[in-house]
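99 is the number that this note's numbering gives to position 62 of the sequence shown; each next residue is one higher, with no gaps. Here a beta-carbon is modelled for each residue, glycine too, at the ideal position from N, C-alpha and C. As the structure is a prediction and not an experimental result, all values here were calculated from the model. All remarks here apply to the structure that follows.
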Amino acid sequence: MTDASRIEFDRQTERLVELGLPALAGISEEDLRALVAPLADRLPEPSVPREGHAPFVIVLTRELVDPCAAVPLLRLMGARGLGSKPGIVDRNHGEGDLATYHPLEELGVPEAKAYLLVDVERGEEFCDVRPEDALPVIRGRGRTPLTIDEGIALVMQAPHLLEKNKCFMLSGSRRSDRRVPALWISENAPKLGWCWDGNPHTWLGVASAGQRRH
């Protein structure tokens with residue numbers, strides 16, 4: 038672990054505290070810090086900065102925080118203060134809302150309250166590609182699509198990655214139908230909505246990561 042990685046890890050930890058995640062989780066600030074602290078031993082080496090990429094993100098799972106409660110904490114890059122618009126959950130997810138989405142079993146998502154998502158890309162190369170066609174390409178590269186929890190964590194820590202015409206699908210979370218959850222911008226606010234697996238969108242890529250570490 039390098040100093041740069043540790044500085045970023047500490048920044049992400051403090052951002053979770055500042056945004057009020059301990060209260061949403063029903064734990065103290067000290068307990069949240071203690072929960073994520075062991076992940077510092079799993080940090081990756083720094084990589085060359087590039088557009089649409091984050092070296093790692095601390096993920097708090099729905100076992101700890103309800104994603105419906107976390108989405109309103111999201112803001113667009115540059116949005117500050119009480120006048121900024123909170124993230125919203127599309128009301129058209131249907132019966133059960135976000136609770137009906139689960140990680141694809143083959144992803145091996147850790148059964149943990151917190152873990153690291155490493156080598157994250159928002160995947161704009163898959164804009165205008167059907168999600169069902171993008172997923173085999175991502176898997177063929179040894180990468181993994183993001184889940185809803187991971188997408189929320191990414192925008193929470195790196196809001197600059199959600200921008201106009203470069204939004205992304207979260208193909209790692211699915212339900213019994215062909216809906217694919219996605220994060221995009223609506224009325225100047227982050228929005229967690231969904232699209233059909235067989236429909237391409239010019240402004241939606243498919244986000245992926247290299248590893249999950251816990």
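One or two residues paired with Val217 in a DSSP bridge: One-based indexing of the sequence shown puts residue 217 at position 180. In the DSSP output, where bridge partners are listed per residue, Val217 has Cys232.
Beta strand (DSSP E) runs contained entirely in the stretch 78–141, provided each spans 3 or more residues: 90–97
Hey, how far is the Cα of Ala60 from the Cα of Pro109? By one-based count along the sequence shown, residue 60 stands at place 23. By one-based count along the sequence shown, residue 109 stands at place 72. One C-alpha to the other measures close to 14 Å.
Where DSSP assigns a beta bridge to Ser223, which residues make up the other side? Looking up residue 223 in the sequence shown gives position 186. Ser223 pairs with Ala226.
Per-residue burial, Ala136 [other beta carbons within 10 Å of its own, 16 or more giving buried]: Locating residue 136 in the sequence shown gives position 99, counting from the first residue. Ala136 comes out exposed.
What span of residues does the alpha helix (DSSP H) with Phe46 cover, start to end? As a first step, residue 46 must be located in the sequence shown, where it is residue number 9. Phe46: member of the alpha helix (DSSP H) spanning 40–55, first to last residue.
Would you say Pro218 and Arg112 are within 8 Å of each other, going by their C-beta atoms? Translated into the one-based positions of the sequence shown, residue 218 becomes position 181. Translated into the one-based positions of the sequence shown, residue 112 becomes position 75. Cβ distance not < 8 Å, so Pro218 and Arg112 don't count as in contact.
How is the alpha helix (DSSP H) around Ala71 delimited, first residue to last? Here residue 71 is taken as the residue at index 34 of the sequence shown, counted from 1. Start and end: 66–73.
Pair within 8 Å by beta-carbon distance, Val166 and Pro237: Working through the sequence shown from its first residue, we reach residue 166 at position 129. Working through the sequence shown from its first residue, we reach residue 237 at position 200. In contact: Val166 and Pro237 (Cβ atoms closer than 8 Å).
Would DSSP call Leu182 helix, strand or coil? Within the sequence shown, the letter at position 145 stands for residue 182. According to the sequence displayed, residue 182 carries Pro and not Leu. Strand.
Let me make sure I understand the geometry here. Which of Glu169, Lys122, Pro168, Gly209 has the alpha-carbon closest to that of Pro227? Position 190 of the sequence shown, counted from the start, is the residue given in the question as residue 227. Comparing Cα-Cα distances from Pro227 to each of Glu169, Lys122, Pro168, Gly209, the minimum goes to Lys122.
If distances are taken between C-alpha atoms only, which option among Leu58, Cys204, Asp214, Ser213 comes closest to Leu220? Numbered from its first residue, the sequence shown carries residue 220 at position 183. Answer by Cα proximity: Cys204.
Candidates Glu224, Arg215, Leu207: closest to Leu241 by CA position: Residue 241 sits at position 204 when you count from the first residue of the sequence shown. Of the candidates Glu224, Arg215, Leu207, the one whose C-alpha sits nearest the C-alpha of Leu241 is Leu207.
Tell me the rounded alpha-carbon separation between Asn225 and Arg249. Sequence index remark: in the sequence shown, residue 225 carries index 188 (1-based). Sequence index remark: in the sequence shown, residue 249 carries index 212 (1-based). Approximately 31 Å, taken between the alpha carbons.
Given a cut-off of 8 Å, decide if Ala77 and Leu154 are closer than it, judged by their beta-carbon atoms. As a working mapping, residue 154 is identified with position 117 in the sequence shown. As a working mapping, residue 77 is identified with position 40 in the sequence shown. No, they are not a contact pair.
From Lys201, Met193, Asp214, Phe93, residue whose alpha carbon lies closest to that of Ala106: Residue mapping note: residue 106 aligns to position 69 of the sequence shown, counting from 1. Nearest option by C-alpha distance: Met193.
For Val192, the three-state DSSP class (helix, strand or coil): For the purposes of this step, residue 192 is taken as residue 155 along the sequence shown, with counting starting at 1. Three-state DSSP puts Val192 in a helix.
Is the beta carbon of Val96 less than 8 Å from the beta carbon of Ala190? Working through the sequence shown from its first residue, we reach residue 96 at position 59. Working through the sequence shown from its first residue, we reach residue 190 at position 153. Yes, the Cβ-Cβ distance between Val96 and Ala190 is below 8 Å.
Beta-carbon contacts of Gly230 that lie in its chain and below 7 Å, excluding the five residues immediately before and after: Within the sequence shown, residue 230 is the residue found at index 193, counting from 1. Here the set comprises Asp127, Ala219, Trp221.
Anyone know if the C-beta pair for Ala149 and Thr98 falls short of 8 Å? What you label residue 149 is simply residue 112 of the sequence shown in a count that begins at 1. What you label residue 98 is simply residue 61 of the sequence shown in a count that begins at 1. One thing to note: Ala149 has its Cβ within 8 Å of the Cβ of Thr98.
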